[in-house]
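**Q** Input: one structure, supplied below.
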Amino acid sequence: MPTDLLAVDLLLVIALAIVWPLTGWAVGTLGARGLAWTLIALGLLLIALRIVVVAVLYTSGWWFVQETVVLGLPLILVPAAATVLLTLPRLRSGADLAHPLVAGPVRVTGYAAFACLVVAFVVSYPVTPGRGLVVVALTALAAGWSLVRTIIRYRSPTRRSSPVSHVATLVVGVLALTGGLVVAYDASVLPDRLPMGTHGPVDLGGGRPADHAQGQAANVADIRGPRGDGPVRRFTLTARHATVRGVAALTYDGTVPGPELRVTQGDVVEVTLRNADVAEGVTIHWHGYDVPNGEDGVAGVTQQAVRPGAEFTYRFLASRAGTYWYHSHQDSDAQVRAGLYGILIVDPAPPTGLDLALAYHNFGQEDVLGAPQLLGDRSGPESRPVPAGTPVRLRLVNTDAATHDFTLTGTAARVAAFDGTEVHGPTDVPDPVVTVPGGGRADLTFTMPDHPVLLDVGNAAEDLGLLLGTGPTPAHTAGTRVDPLNYGTPAATPFGRDSHFDRHFTLVLDERLGFYDGRFDTVYTVNGQTFPDIPAQQVRYGELVKFTIVNRSVESHPIHPHGHHVLVLSRDGRPATGSPVWLDTLDIREGQIWEVALKADNPGIWMDHCHNLRHAATGMMFHLAYTGVTTSYEVGRTTGDHPE
Numbered sequence: 001m002p003t004d005l006l007a008v009d010l011l012l013v014i015a016l017a018i019v020w021p022l023t024g025w026a027v028g029t030l031g032a033r034g035l036a037w038t039l040i041a042l043g044l045l046l047i048a049l050r051i052v053v054v055a056v057l058y059t060s061g062w063w064f065v066q067e068t069v070v071l072g073l074p075l076i077l078v079p080a081a082a083t084v085l086l087t088l089p090r091l092r093s094g095a096d097l098a099h100p101l102v103a104g105p106v107r108v109t110g111y112a113a114f115a116c117l118v119v120a121f122v123v124s125y126p127v128t129p130g131r132g133l134v135v136v137a138l139t140a141l142a143a144g145w146s147l148v149r150t151i152i153r154y155r156s157p158t159r160r161s162s163p164v165s166h167v168a169t170l171v172v173g174v175l176a177l178t179g180g181l182v183v184a185y186d187a188s189v190l191p192d193r194l195p196m197g198t199h200g201p202v203d204l205g206g207g208r209p210a211d212h213a214q215g216q217a218a219n220v221a222d223i224r225g226p227r228g229d230g231p232v233r234r235f236t237l238t239a240r241h242a243t244v245r246g247v248a249a250l251t252y253d254g255t256v257p258g259p260e261l262r263v264t265q266g267d268v269v270e271v272t273l274r275n276a277d278v279a280e281g282v283t284i285h286w287h288g289y290d291v292p293n294g295e296d297g298v299a300g301v302t303q304q305a306v307r308p309g310a311e312f313t314y315r316f317l318a319s320r321a322g323t324y325w326y327h328s329h330q331d332s333d334a335q336v337r338a339g340l341y342g343i344l345i346v347d348p349a350p351p352t353g354l355d356l357a358l359a360y361h362n363f364g365q366e367d368v369l370g371a372p373q374l375l376g377d378r379s380g381p382e383s384r385p386v387p388a389g390t391p392v393r394l395r396l397v398n399t400d401a402a403t404h405d406f407t408l409t410g411t412a413a414r415v416a417a418f419d420g421t422e423v424h425g426p427t428d429v430p431d432p433v434v435t436v437p438g439g440g441r442a443d444l445t446f447t448m449p450d451h452p453v454l455l456d457v458g459n460a461a462e463d464l465g466l467l468l469g470t471g472p473t474p475a476h477t478a479g480t481r482v483d484p485l486n487y488g489t490p491a492a493t494p495f496g497r498d499s500h501f502d503r504h505f506t507l508v509l510d511e512r513l514g515f516y517d518g519r520f521d522t523v524y525t526v527n528g529q530t531f532p533d534i535p536a537q538q539v540r541y542g543e544l545v546k547f548t549i550v551n552r553s554v555e556s557h558p559i560h561p562h563g564h565h566v567l568v569l570s571r572d573g574r575p576a577t578g579s580p581v582w583l584d585t586l587d588i589r590e591g592q593i594w595e596v597a598l599k600a601d602n603p604g605i606w607m608d609h610c611h612n613l614r615h616a617a618t619g620m621m622f623h624l625a626y627t628g629v630t631t632s633y634e635v636g637r638t639t640g641d642h643p644e
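In UniProt numbering, the protein residues as written are 1 to 644.
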């Protein structure tokens, strides 16, 4: 796995940043010849090991090694070569360890090793010439300063540096560091107002240039759902503060989750959102439902957030059956976690037996222990008596940032659907374990046996679960893990791996330390950029569009495209062999490479982002934009609209 090798490479970088500065200290300060030999040998061995690791990583793709090959390795190989050519022969001949040709190359290699550490944590794929030159220039300045000091000390061994020079050096270093941080901070601050119809560059994906004539463009505000007097299912949801399970929550209608909206395929759905008292404003986004763009509920892109006392009506045709969910897309990282979500179910026909929707929710961040958790509306164990022979459908929704395993113990079951799309030819799986990424869904179906069945959630509270039937709780088993890419049976699809694609976009997901909107944090990037500088993927209506998505970070990213389901073509070069996999939330793990495709058949300006919403809030948010579509909405501090 590339992830394992990336971890090894990072450990080698850290080791180099320790060993080579120690080597410089041993040579130039201690004058310890034996220790110097040992540390130089160790440092050279670590460099050789890193070259091997990078060479193996390269076989997984250039994306995983680019910054190392073009920047990291050259930075350290040049002074390391000087150490071999200049330092080692003089060490062998017994030369003075303080000689500039002995101590100088070793000390410079130490600075280069530290620069490699900075590259590993601060520079993301791809390295641009500007960033590369900055790193090289700073390393050269530090190395030059070190060489000058080494020469001065060698020529005047009895001369002591004055306290003033030490203070001056410290002041210069602090000022340089502070200046760099101020520049980085200032460059990271997002504009107060950012028009979402015209901002930023575009990526054409190798396709034809688009027409940017705004005068002829359709506005997102006009791309709305059906109007008329036909049969309509009407709902009203009111956003308000409430205390739920001891948590100061944000809610729809005072409950977490919000009301379950269950309609029948073919219904026109009309939902009026009212805001009672949420000062920041709220929206409703229909996660996984391919609504018209103006109904998508993204603050600052498809509408303005609904302010206290105001309302907004969403209307769309329930043309696609399945399990979906809804949530606010105004400051969504905070608002979804606080409870602004609910479940949307579109039935193809009235359900029979037990049809139960269960959302897993964590009120805290993914790395916060002890935060209240819910399965459905329960924060602890739940049991339901279910007669043997009853058809059961469990609709599982993961509202959390992290990926979770849902395990059904005590029976065989079928995975009937992923992300609302029915599986073709599902088969019974004993004690199935289904992995659901943040924002994703999976449906399990089975016939209730004559003994209890337990549903629980991995990485959740131990007592959180659902027991169906009466009797002793079944013992946990390892279960049978279900992989969507090889589950079910193949079926015809409108396009596939061998199709001709009009556009092909490559998205490399990465992370680095840095500033985002004035905060120092882990910043999540796409092709080295963060929102709003990630180029929009521009398409024309009717085109076939392919995406290669590479995760070279150390975290998984549940990528969620709005307005479209994508067909999974391959994962890590291996094609999908089971039922066609249509997803709206992609569980892209560390080191994985996914190929997916879509038909551009839903015009608009669509937000795509990581559904670990903290990642989206710190940069990993971008757009799929149709030519001929614009929006008059804006995001930014002075607009009050903040989609993430």
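Even for Gly, the Cβ is constructed at its ideal location relative to N, Cα and C.
In the DSSP assignment, the beta strand (DSSP E) including S332 goes from what residue to what residue?
**A** Per DSSP, S332 belongs to no beta strand (DSSP E); it is in the alpha helix (DSSP H), 332 to 338.
**Q** By how many angstroms is the C-alpha of A103 removed from the C-alpha of residue 655?
**A** Nothing in the structure corresponds to residue 655, since the chain is present only between 1 and 644.
**Q** If you scan the stretch 503 to 548 from start to end, which runs of the beta strand (DSSP E) of 3 or more residues do you find wholly inside it?
**A** Entirely contained in the stretch 503 to 548, the beta strand (DSSP E) runs reaching 3 residues are, in chain order, 503 to 516, 519 to 526, 536 to 539.
**Q** Count the other C-beta atoms from every protein chain shown that fall within 10 angstroms of the C-beta of A403, then say buried if there are 16 or more, exposed otherwise.
**A** According to the sequence displayed, residue 403 carries Thr and not Ala. Per the 10 Å Cβ criterion, buried.
**Q** Identify whether D443 lies in helix, strand or coil by the three-state DSSP scheme.
**A** DSSP places D443 in strand when its eight states are reduced to three.
**Q** According to the Cβ coordinates, are G542 and D601 closer than 8 angstroms?
**A** Closer than 8 angstroms, so yes.
**Q** Could you check the C-alpha separation between F505 and T421 for me, to the nearest Å?
**A** About 25 angstroms.
**Q** Going by CA-CA distance only, name the one from P191, G132, A112, Y154 that's closest to G100.
**A** Looking at the sequence itself, residue 100 is Pro, so the reference to Gly does not match. Out of P191, G132, A112, Y154, Y154 has the C-alpha closest to the C-alpha of P100.
**Q** Measuring CB to CB, does T618 end up less than 8 angstroms from Y524?
**A** A contact, by the Cβ cut-off of 8 angstroms.
**Q** Whole angstroms is fine: what's the gap from Q214's alpha carbon to V629's?
**A** Because Q214 sits at a pLDDT of 48, beneath the cut-off of 50, its placement in the model cannot be relied upon, and the following sentence gives the value as read from the coordinates. Looking at the two C-alpha atoms, the distance is approximately 8 angstroms.
**Q** DSSP on I14, reduced to helix/strand/coil?
**A** Three-state DSSP puts I14 in a helix.
**Q** For I223, does the three-state DSSP call read helix, strand or coil?
**A** DSSP places I223 in coil when its eight states are reduced to three.
**Q** With C-beta atoms as the reference, is V554 less than 8 angstroms away from Y125?
**A** In this structure, Y125 does not lie closer than 8 angstroms to V554 by Cβ.
**Q** Have a look at L569, T447, R384 and flag the residue whose alpha-carbon is nearest the alpha-carbon of G353.
**A** Nearest option by C-alpha distance: T447.
**Q** Can you tell me the Cα-Cα spacing of Q537 and V202, whole angstroms?
**A** Cα to Cα, Q537 sits roughly 6 angstroms from V202.
**Q** With distances taken Cα to Cα, identify the nearest neighbour of V84 among C116, I47, P385.
**A** Checked all of C116, I47, P385; the closest Cα to V84 is I47.
**Q** Run through the stretch 56 to 137 for me and flag every whole alpha helix (DSSP H) of 4 or more residues, listed as ranges in chain order.
**A** Runs found: 73 to 82, 88 to 92, 100 to 122.
**Q** Is DSSP giving T38 helix, strand or coil here?
**A** It is helical.
**Q** Just to check my reading of the structure: D502 and L464 have Cβ atoms closer than 8 angstroms, yes? What is that Cβ distance to the nearest angstrom?
**A** Wrong, their Cβ atoms sit about 46 angstroms apart, outside the cutoff.
**Q** Contact between the stretch 134 to 148 and the stretch 103 to 113: three or more CB pairs below 8 angstroms?
**A** Result yes; three or more Cβ-Cβ pairs closer than 8 angstroms.
**Q** With a cut-off of 8 angstroms, do at least 3 Cβ pairs link the stretch 435 to 449 to the stretch 592 to 607?
**A** As far as the Cβ criterion goes, the stretch 435 to 449 does not touch the stretch 592 to 607, which means the pair count is below three.
**Q** I'd like the list of long-range same chain contacts for W20, defined as Cβ closer than 6 angstroms, with 5 residues on each side in sequence excluded.
**A** So the list reads G43, T109, G110, A113, once near-sequence residues are dropped.
**Q** If the criterion is Cβ atoms closer than 8 angstroms, does the pair T477 and D431 meet it?
**A** Going by C-beta atoms, T477 is nearer than 8 angstroms to D431.
**Q** Just list the residues that DSSP pairs W582 with in beta bridges.
**A** Paired residues: L567.
**Q** How many Å lie between V123 and H329 at the Cα?
**A** Cα to Cα, the separation comes out at about 30 angstroms.
**Q** Between which two residues does the beta strand (DSSP E) carrying R393 extend?
**A** Here the beta strand (DSSP E) through R393 covers 391 to 398.
**Q** Checking 8 angstroms against the spacing of the C-beta atoms, do R574 and W594 come in under that value?
**A** Contact: no.
**Q** Since I believe R395 is in contact with L454 (beta carbons under 8 angstroms), could you give me their beta-carbon distance rounded to a whole number of angstroms?
**A** Going by Cβ atoms, the distance from L454 to R395 rounds to 17 angstroms, so no, they are not a contact pair.
**Q** Do you know how far the Cα of L181 is from the Cα of F520?
**A** About 10 angstroms.
**Q** Just tell me which of G496, L444, L408 has its CA closest to the CA of P474.
**A** Among G496, L444, L408, the Cα nearest to that of P474 belongs to L408.
**Q** Using 10 angstroms around the beta-carbon of W62, count the other beta-carbons present and answer buried if the total reaches 16, otherwise exposed.
**A** So W62 counts as exposed.
**Q** For A338, I'd like the list of residues in its chain whose CB is within less than 6 angstroms of its CB, leaving aside the five on either flank, ordered along the chain.
**A** The residues are A249, L250.
**Q** To the nearest angstrom, report how far apart V189 and A413 are at their CA atoms.
**A** Near 50 angstroms, if we compare the C-alpha coordinates of A413 and V189.
**Q** Report the residue from A625, V106, R208, G130 whose alpha carbon sits nearest the alpha carbon of A81.
**A** Taking only the C-alpha atoms, the option nearest A81 is V106.
**Q** Please report the distance separating the alpha-carbon of H562 from that of L583.
**A** Rounded to the nearest angstrom, the two C-alpha atoms are 11 angstroms apart.
**Q** Cα-Cα, which of G72, L237, P580 is closest to V119?
**A** If we check each option's Cα against that of V119, G72 comes out closest.
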